[in-house]
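A.B. asks: Going by this note's numbering, the first residue of the sequence shown is number 199, and it counts up by one from there. A virtual CB, placed ideally from N, CA and C, is assigned to each residue, including glycine. Only a predicted model underlies this, so the values are computations on that prediction, with no experimental measurement involved. Before I ask anything, here is the structure I am working with.
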Amino acid sequence: INDNLLFNWRRRYQQELSGTPASTPALIPVTLTATERPVSPLTPSAEESPCCELVLPAGTLRISGKLTPELLQMLIREMQGGCR
């Protein structure tokens with residue numbers, strides 16, 4: 199049994215014996231209002247361009263720019279081949 203679980207059970211039992219109600223979270227009313235915000239199109243900056251990052255024992259390899267499915271498949275094949 200986890201120590202925290204045992205402590206919580208013990209505290210609840212003591213509260214029941216003393217008649218002290220357990221602390222319960224209070225609920226507060228919430229009102230939601232619909233507001234419309236103008237949506238601006240996302241334009242990726244140079245810093246937000248796609249990037250593939252491989253963390254290796256000897257360092258980190260980052261490849262950025264146009265990441266095609268073929269390039270990613272080749273990387274996966276090479277990584278799997280190195281693990282054999």
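So the beta strand (DSSP E) residue 262 belongs to, where does it begin and stop?
C.D. replies: Working through the sequence shown from its first residue, we reach residue 262 at position 64. Counting along the chain, the beta strand (DSSP E) containing residue 262 begins and ends at 257 to 262.
A.B. asks: Taking just the CA atoms, how far does residue 269 sit from residue 260?
C.D. replies: Here residue 260 refers to the residue found at position 62 of the sequence shown. Here residue 269 refers to the residue found at position 71 of the sequence shown. Each residue's alpha carbon lies about 13 Å from the other.
A.B. asks: So what's residue 234 in DSSP terms, helix, strand or just coil?
C.D. replies: Position 36 of the sequence shown holds residue 234. Residue 234: coil per DSSP, three-state reduction.
A.B. asks: Any heavy atom of the ligand GDP closer than 7 Å to the beta-carbon of residue 267?
C.D. replies: By its list of ligands, the structure shown contains no ligand whatsoever, and the ligand GDP lies outside what it can speak to.
A.B. asks: Taking 8 Å as the limit between beta carbons, can you name the residues of its chain near residue 258, skipping five residues before and five after?
C.D. replies: Locating residue 258 in the sequence shown gives position 60, where the first residue counts as 1. Counting only Cβ-Cβ distances below 8 Å, and skipping sequence neighbours, we find 251 and 252.
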